[in-house]
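Q: Numbering (the numbering used here), first residue to last: 37 to 450.
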């Protein structure tokens with residue numbers, strides 16, 4: 037049986053790892069690790085590469101709890117040839133990138149990737165990650181019909197945003213959909229409100245142990261602002277039980293004016309989205325934060341097999357700056373992030389609005405820059421919103437676990 041005959045992206049078992057092909061032989065199979073939520077377009081592009089190259093791309097699904105499950109396998113010495121993994125500083129540090137990932141700094145995508153996205157997968161100045169996907173942008177989805185009927189323009193300042201909430205409330209309209217039933221969503225208003233602080237270097241100071249969540253006015257203010265959305269009656273009455281899916285449904289039906297989210301929400305907004313728009317949460321810097329996804333961020337592991345390592349680089353070049361990238365864009369209908377490659381036909385107007393908010397004034401998110409992380413932020417914010425913790429208590433717990441996790445990871449200065 038030829039490689040082409042078995043090219044379908046294989047449903048390999050969790051325990052599968054790179055095969056023991058002797059170094060120096062031509063690679064015929066590459067093992068690929070990806071998340072359970074890996075989109076069909078990624079699997080289709082792996083198939084397309086297999087058809088063109090004759091190299092079988094064996095896809096191994098890592099169950100939810102992706103990072104933890106990858107690390108469980110990683111610490112036992114298992115390696116894929118290609119990893120669709122997070123491009124954050126924290127994840128790269130956990131992988132011990134210098135020891136375990138290929139240095140991709142000399143590859144063409146580094147100079148051709150737009151908007152500074154190539155730098156998102158670096159650690160200590162070394163490029164370990166290529167990206168094919170448009171990043172998720174943090175901001176505000178809004179219903180244009182609701183805005184028009186209420187006589188509200190898209191706010192450009194924090195004061196105008198606050199005035200818009202007041203207007204919606206006066207007219208009996210829920211201003212912002214909060215989804216406490218999916219607690220991870222509760223992080224988004226706080227994170228988005230922290231944009232100015234991140235732009236001013238807050239995360240760099242955190243990484244150097246020269247600042248703390250508990251001593252940051254910006255953190256306290258962002259937490260208190262999110263709590264005010266609930267306490268002041270600007271959110272949906274069912275916020276404690278509403279889900280991420282409910283946020284999308286409420287927005288599209290006009291039951292709510294806005295959702296503070298990231299653009300990973302786009303696939304959940306089904307059907308006609310012409311009445312929806314997107315803007316960055318107004319702030320002093322005028323910037324938005326973005327975050328690349330493990331679903332479209334590609335790393336190549338060091339396996340000790342020279343043929344496989346070379347073949348993995350060949351795939352990365354093909355899918356970023358070669359013939360594969362235009363094919364990928366046709367599958368995803370996303371804006372291009374590679375210089376010289378045009379956007380595909382069919383990019384939705386809503387996606388175009390997201391892209392427009394990002395391309396001029398985007399900065400990597402706090403989660404991408406941080407070398408450590410606070411534990412259980414979603415639970416802490418949930419407790420803040422129901423009133424069992426104050427903003428100061430949340431910030432104190434964030435700082436305690438951030439430092440604890442930094443010490444465990446061996447981050448210098450902790």
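Every residue, glycine too, gets a C-beta built ideally from N, C-alpha and C.
Would you report the Cα separation of residue 333 and residue 127, rounded to the nearest angstrom?
A: The straight-line gap from Cα to Cα measures roughly 12 Å.
Q: Just the Cα atoms here: how many angstroms apart are residue 351 and residue 360?
A: Going from the Cα of residue 351 to the Cα of residue 360 covers about 9 Å.
Q: Within this structure, are the beta carbons of residue 330 and residue 122 separated by less than 7 Å?
A: In contact: residue 330 and residue 122 (Cβ atoms closer than 7 Å).
Q: When the Cα atoms are used, what is the spatial distance from residue 364 to residue 81?
A: Going by the C-alpha atoms only, they are around 6 Å apart.
Q: Taking DSSP's pairing of strands, which residues face residue 179 in a bridge?
A: Answer is 312.
Q: Pop quiz: residue 167 and residue 328 are said to be a contact at Cβ under 8 Å. What is the actual Cβ separation, rounded to whole angstroms?
A: Right, their Cβ atoms sit about 5 Å apart.
Q: Around the Cβ of residue 388, are there at least 16 other Cβ atoms within 10 angstroms (buried) or fewer (exposed)?
A: Exposed, by the Cβ-count rule.
Q: Grouping DSSP H, G and I as helix and E and B as strand, with all else coil, what is residue 275?
A: Coil at residue 275, not helix or strand.
Q: Start and end of the beta strand (DSSP E) containing residue 294?
A: 292 to 298 is the span of the beta strand (DSSP E), which, as asked, contains residue 294.
Q: Drop a sphere of 10 angstroms on the beta-carbon of residue 220, count the other beta-carbons inside from all chains shown, and report buried for 16 or more, exposed for fewer.
A: Label assigned to residue 220: exposed.
Q: Using 7 Å as the threshold, is the C-beta distance between residue 151 and residue 357 below it?
A: It is not a contact, given that the beta carbons lie outside the stated cut-off.
Q: Rounded to whole angstroms, what's the CA-CA distance from residue 120 to residue 405? Just pull it up for me.
A: About 18 Å.
Q: Going by DSSP in three states, residue 59 sits in which element: helix, strand or coil?
A: Caution applies to residue 59, whose pLDDT of 43 falls short of 50 and renders its modelled position unreliable; the model cannot decide the point.
Q: Could you tell me the alpha carbon to alpha carbon distance between residue 142 and residue 449, rounded to whole angstroms?
A: The straight-line gap from Cα to Cα measures roughly 31 Å.
Q: Work out the CA separation of residue 284 and residue 291 for me, nearest whole Å.
A: In a straight line, the C-alpha of residue 291 is about 10 Å away from that of residue 284.
Q: Look at residue 116 and residue 162 and say whether their C-beta atoms are less than 7 Å apart.
A: Against a cut-off of 7 Å, the Cβ pair of residue 162 and residue 116 comes out as no contact.
Q: So, for residue 37: in the same chain, excluding its five sequence neighbours on each side, which residues have a beta-carbon less than 6 Å away from its beta-carbon?
A: With a pLDDT of only 35 at residue 37, under the threshold of 50, the placement of this residue in the model should not be trusted; the figure read from the coordinates follows. So the list is empty, once near-sequence residues are dropped.
Q: Which same chain residues, not among the five before or five after residue 298, have their C-beta less than 6 Å away from its C-beta?
A: Only 172 and 174 meet the Cβ criterion.
Q: At which residues does the beta strand (DSSP E) containing residue 335 begin and terminate?
A: First-last of the beta strand (DSSP E) with residue 335: 333 to 336.
Q: With a CB to CB cut of under 8 Å and the five nearest residues on each side skipped, what residues in its chain are close to residue 215?
A: 221, 222, 275, 278, 279, 280, 282 and 283.
Q: For residue 172, list the residues DSSP reports as bridge partners.
A: 327.
Q: Quick one: Cα of residue 345 to Cα of residue 170, how far?
A: Looking at the two C-alpha atoms, the distance is approximately 26 Å.
Q: Closest by CA to residue 318, which one among 433, 367, 296 and 207?
A: Closest by alpha carbon: 296.
Q: Here's a check: name, in chain order, each residue in its chain whose Cβ is nearer than 8 Å to the Cβ of residue 235, leaving out the five neighbours to either side.
A: Same-chain partners within the cutoff: 321, 323 and 399.
Q: Quick one: what's got a C-beta closer than 6 Å to residue 188's C-beta in the same chain, skipping five residues either side?
A: Within the same chain, residue 188 has close Cβ partners 200 and 203.
Q: In chain order, what residues of the same chain have a beta carbon less than 8 Å from the beta carbon of residue 197, not counting five sequence neighbours either side?
A: Hits under 8 Å: 191, 317 and 318.
Q: For residue 433, which residues from the same chain have a beta carbon less than 7 Å from its beta carbon, with the 5 sequence-adjacent residues on both sides left out?
A: Excluding sequence neighbours, residue 433 sits near 416.
Q: Which residues mark the beginning and the end of the alpha helix (DSSP H) in which residue 267 is found?
A: Looking at the DSSP string, the run of the alpha helix (DSSP H) that includes residue 267 is 253 to 267.
Q: Counting C-beta neighbours from all protein chains within 10 Å, is the total for residue 185 16 or more, i.e. buried, or is it exposed?
A: Residue 185 comes out exposed.
Q: Quick check on the burial criterion: 16 or more other C-beta atoms within 10 angstroms. Buried or exposed for residue 273?
A: Exposed is the call here.
Q: Which complete alpha helix (DSSP H) runs does the region 355 to 382 hold, if anything under 4 residues is left out?
A: Listed in chain order, the complete alpha helix (DSSP H) runs (minimum 4 residues) inside the region 355 to 382 are 360 to 368.
Q: Would you mind sorting residue 378 into buried or exposed? The rule is 16 or more other CB atoms within 10 Å of its CB.
A: The residue in question, residue 378, is exposed, as its Cβ has fewer than 16 Cβ neighbours within 10 Å.
Q: What is the residue span of the alpha helix (DSSP H) that residue 110 lies within?
A: 102 to 111 is the span of the alpha helix (DSSP H), which, as asked, contains residue 110.
Q: On the DSSP bridge assignment, give the partners of residue 97 in chain order.
A: According to DSSP, which records beta bridges pairwise, residue 97 is partnered with 70.
Q: Between residue 63 and residue 347, is the Cβ-Cβ spacing less than 7 Å?
A: Contact: yes.
Q: Please give me, in chain order, every unbroken run of the alpha helix (DSSP H) with length at least 4 that falls completely inside the region 121 to 168.
A: With a minimum length of 4 residues, the continuous alpha helix (DSSP H) runs that stay inside the region 121 to 168 are 125 to 130, 133 to 136 and 145 to 148.
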